[in-house]
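A.B. asks:
Number of protein chains: 2
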Amino acid sequence: MVSKKYIIRLCRYRNVLYRLKSMGFMRVVSNNLADATDVTALQVRKDFSLAGITGNKKGGYRVDELIEKLNQILGKNEIQKVILVGVGKIGIALMYYKGFEEEGIKIEAAFDIDPQKYGKQKDIPVLPLERLRDFVKTNNIKTGIITVPDMAAQQVFNLMISSGIKGVLNFAPIKLRSTPDIVINNVNLVMELENLIYFVNTGERNKGEIL
Amino acid sequence: MVSKKYIIRLCRYRNVLYRLKSMGFMRVVSNNLADATDVTALQVRKDFSLAGITGNKKGGYRVDELIEKLNQILGKNEIQKVILVGVGKIGIALMYYKGFEEEGIKIEAAFDIDPQKYGKQKDIPVLPLERLRDFVKTNNIKTGIITVPDMAAQQVFNLMISSGIKGVLNFAPIKLRSTPDIVINNVNLVMELENLIYFVNTGERNKGEIL
DNA sequence: GTATTTTTGTGAAAAAAATCACATATATAT
DNA sequence: ATATATATGTGATTTTTTTCACAAAAATAC
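So, in C-alpha cells, the structure goes:
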C-alpha cells in the first residue's frame, strides 16, 4: 500500500527526469533530484529503494532507466483521456493549459449546461451536459475534472460516477459525497491562499509541503 | 510549532462554520464538522483541544465561539491584500474567481509584461511589471500569486521577494529557489491530474489527502 | 432524582513518515 | 595497485500524526 505523498514524489522525480533527459543528461545523482524537487537526497534514495529502483554507487542513476522504472510504476505509456465539466473561466483556462498535453493528458471533451458555450475551445468540443454519459461510456473515460459552481458540483459528480468515471479532480470548494472506490483530488484555491496568508502573517516557518 | 496540515484543517473547519452560521446553526458537534471536511470527528476534537478550543459535553460547540476562536488563531479580521503576476488564462480566471472576495481576499493589482494586457480585468488594474516594486512597497503587500510561464517564474519570484513579498502562491510547475523565511505554496495542476490518474489506473485506494 | 445516552477531552498507544548512522560499492587519482 | 572521494542503500531511530480507550460532563428519559 502506497501513500499519496509517495506517489506525488515519484511523479515529481519523473517530471524532472524528463526535463533532464531533454537537456541531454545521461546520469543523475540523488542530490540533483533533491535540489529540483524540494525533498532531501536521502528521501529520494529511500523512495527509489522502496520502489525497487537501484542506482550505482558513485555515478548515481541512469536517467533512462529511472524514467522507465518510474513509468512502469506510475503507468504512463498511453495518452490519458479526461473530460471536463464547467466551461467557465477556470474550465477554459484548463482547456488551454499546455502543461497537460506535454504530459500526455488530453481533455477529450468539455460539458456545460449553457448552450452559449457549445462549440469548441481550442480544439476541444464543448457539449451539452446530457451527452456526458454517452461520451464517457463510448470513449471509456475514467477521469473527470469539475469546474462548476459549488451548488452544481455534487450533482455533476454523481452524474460522472454513474457514467463510469473513477477519479475526479474537483475545483469546487466543497466535500463531495462519495464511495471509497472513487478517487477524488481537491484543488481549493481559497484554502491555498488562506493557508499561505496565515504563515505570512504569523511569520512562522511552515513545515511540510502542501502537495 | 504548527504543521501546515493542521492549519489547513482549521481553515476548513472555519469555512464550514461560516456556512453553517449563514444557515442559522447555533451549535455544531464534532461529527458534523467531520462529515463536512473529510476528517474524523476525533481529529476535529483533537485539533480543537490542541488549539485550546473547548466545547460542551453533549451539545457540542457554539458556532460563534468557534469561529471567533479560529479567527483569533488564523488571524482573519481585515481584508487580505494580494497581487498577481501573469495575466494569462489562469491569471484571469483567478481575477474573476468569486471565492476570494467571499473570504476577504482581494487581488489589488495584476502585472504583466505584455502591453496589450494593460488596463483592467473586472475591477482589477493590470499594470506593467516594472511598476510591481513600487506598488508592493506603497501598498504594503505581503502575498503574491505567480501565474506566468515556467521560464519566467523564478525571475518574477525574485522580483516579488526583493520588493518585500513574504508569501507566494505559485502555479508554475517548477521549484522556486528561495530562503527559509519565505513561504511558498505550489499548485501543480498536472501533478494533481497525474496523481489522480495513477490511483484510477491502479485501482488502489488512496490514503491521505493532498491538501 | 436516578439512569441512560450523547458528546467532549486527553493521556497513551499505534501507525506513518522522515531522518540518522553507517556499511558498501565504484570511479578517479596517484 | 592502492588510496581517496563520492554516492548509494538500508536497518534502526526519531519524529510526527493519527487513532484508541476511556474518563467526565451534560442533556434527556423514566
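From first to last, the protein sequence lines stand for chains A and B.
When you line the first sequence up against this note's numbering, it's residues 3 to 213, in that order.
When you line the second sequence up against this note's numbering, it's residues 3 to 213, in that order.
Glycine is no exception: its CB is placed at the ideal position from the N, C-alpha and C atoms.
Source: prediction; values computed, not measured.
Closest to Pro130(A) by C-alpha separation, out of Val158(A), Thr204(A), Pro175(A) and Tyr99(A), would be which residue?
C.D. replies: Val158(A)
A.B. asks: For Lys144(B), I'd like the list of residues in its chain whose CB is within less than 7 Å of its CB, leaving aside the five on either flank, ordered along the chain.
C.D. replies: Ile167, Lys168 and Gly169
A.B. asks: At 3 residues or longer, what runs of the beta strand (DSSP E) sit wholly inside the segment 93–181 of chain A?
C.D. replies: 107–114, 121–123, 126–130, 145–148 and 169–172
A.B. asks: Keeping to the same chain, check which residues put their C-beta closer than 7 Å to that of Leu35(B); ignore five residues upstream and five downstream.
C.D. replies: Tyr15, Val18 and Val46, listed in sequence order.
A.B. asks: Kindly confirm or deny that the segment 195–204 of chain A and the segment 60–80 of chain B touch, where touching means at least three C-beta pairs closer than 8 Å.
C.D. replies: yes
A.B. asks: For a test of the three-state rule: what should DSSP assign to Val216(B), helix, strand or coil?
C.D. replies: Outside the shown range of chain B (3 to 213) lies residue 216(B), about which nothing can therefore be said.
A.B. asks: Can you name, in chain order, every residue of its own chain whose Cβ lies under 6 Å from the Cβ of Arg135(A), other than the five neighbours on each side?
C.D. replies: Listed in chain order, the non-local C-beta contacts of Arg135(A) below 6 Å within the same chain comprise Ser165, local neighbours out to five positions each way being set aside.
A.B. asks: What does the Cβ neighbour count give for Asn160(B), buried or exposed, with the cut at 16 atoms within 10 Å?
C.D. replies: Flag for Asn160(B) reads exposed.
A.B. asks: What does Val185(A) reach in chain B if we use C-beta pairs closer than 7 Å?
C.D. replies: Leu198, Phe201, Val202 and Asn208
A.B. asks: Keeping to the same chain, check which residues put their C-beta closer than 6 Å to that of Val89(B); ignore five residues upstream and five downstream.
C.D. replies: Sequence-distant Cβ neighbours of Val89(B) in its own chain, meaning closer than 6 Å and more than five residues away, are Ala112, Asp114, Lys119 and Val128.
A.B. asks: So what's Asn34(A) in DSSP terms, helix, strand or just coil?
C.D. replies: Three-state DSSP puts Asn34(A) in a helix.
A.B. asks: Between Thr181(A) and chain B, is the shortest Cβ-Cβ distance under 8 Å, so that the two count as touching?
C.D. replies: no
A.B. asks: Hey, could you find the ends of the alpha helix (DSSP H) Ile75(B) is sitting in?
C.D. replies: Segment Val65 to Leu76, the alpha helix (DSSP H) holding Ile75(B).
A.B. asks: In the DSSP assignment, find the unbroken alpha helix (DSSP H) run with Val202(A) in it and report its ends.
C.D. replies: Counting along the chain, the alpha helix (DSSP H) containing Val202(A) begins and ends at Leu191 to Thr204.
A.B. asks: Check whether the Cβ atoms of Glu105(B) and Val150(A) lie closer than 8 Å to each other.
C.D. replies: no
A.B. asks: Where DSSP assigns a beta bridge to Gly62(A), which residues make up the other side?
C.D. replies: Asn58(A)
A.B. asks: For chain B, find out if any of its Cβ atoms is closer than 8 Å to the Cβ of Ile92(A); answer yes or no.
C.D. replies: Closer than 8 Å to some Cβ of chain B, the Cβ of Ile92(A) qualifies, so yes.
A.B. asks: Consult DSSP for Ala18(A) and reduce its assignment to one of helix, strand or coil.
C.D. replies: It is worth fixing the name first, because residue 18(A) is Val in this sequence and not Ala. Helix.
A.B. asks: Please state whether DSSP places Val46(A) in a helix, a strand or coil.
C.D. replies: helix
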